[in-house]
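Numbering (the numbering used here), first residue to last: 17 to 151.
Ideal placement from N, C-alpha and C gives every residue a C-beta, glycine not left out.
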Amino acid sequence: MIQKVDHIGIAVRSLAETIPYYENALGMKLLKTEEVESQKVRTAFFEAGETHVELLEPTADDSPIAKFLEKNGEGIHHVAFGVDDITGQLKQAADAGVKLIHEVPMIGAGGKQVAFLHPKFTHGVLTEFCSGGEH
Ligand code: ZN
């Protein structure tokens, strides 16, 4: 079951240049920064009540975030739903005809299990499921 919007992922060119906006202009609290090798990104997590903002900076030219920035510029990259059973949630989507990017969850930021649905099937919103982990 989907439990909440866990976080909103936002692609940025530079964490160093973007973090002050969230801290100073919005007054949000930076929880942590973390490099996620499996996705070739460096992330910064901010608290927004029960949910989070995840800034994503590419660490390599072939990072999915680098490709996104090239195509779209900075902006909202994905919406992540926190789920209690990620395998069951993926199966439900697949059974409904949605193509999965990750048939098996991978380990993302915070040690969470994460998996993405194929954006061609999600009506314009790149959709992530995540479960477990520390944030
Ligand atoms: Zn995410």
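Nearest candidate by alpha-carbon position, reference residue i, set the options
i    : options                 : result
G124 : G43, Q55 and F137       : Q55
K20  : G89, H68, L133 and G98  : G98
Q105 : Y38, V95, F132 and Y37  : F132
L31  : E144, E70 and G43       : E70
D100 : F145, H139, D78 and D77 : F145
G126 : I26, S147, E73 and D77  : S147
V95  : V120, K45, L72 and R58  : L72
I26  : K107, G89, K45 and D78  : G89
Alpha carbon of residue i to alpha carbon of residue j, nearest angstrom
i    : j    : result
I35  : K87  : 22 Å
T67  : I24  : 8 Å
H134 : V141 : 10 Å
G113 : F137 : 8 Å
F84  : M17  : 29 Å
G149 : V130 : 10 Å
N40  : D111 : 45 Å
L47  : E63  : 7 Å
T103 : L116 : 12 Å
G43  : H118 : 35 Å
Y38  : V52  : 21 Å
G65  : G91  : 21 Å
For residue j and residue i, believed in contact at Cβ under 8 Å, the rounded distance
i   : j   : result
T49 : A60 : 5 Å
Next on the checklist: Strictly closer than 7 Å from CB to any heavy atom of ligand 1: give me those residues in the order they appear in the chain.
Outcome noted: H23, G25, E70, H94, A96, G124, A125, V130, E144 and C146
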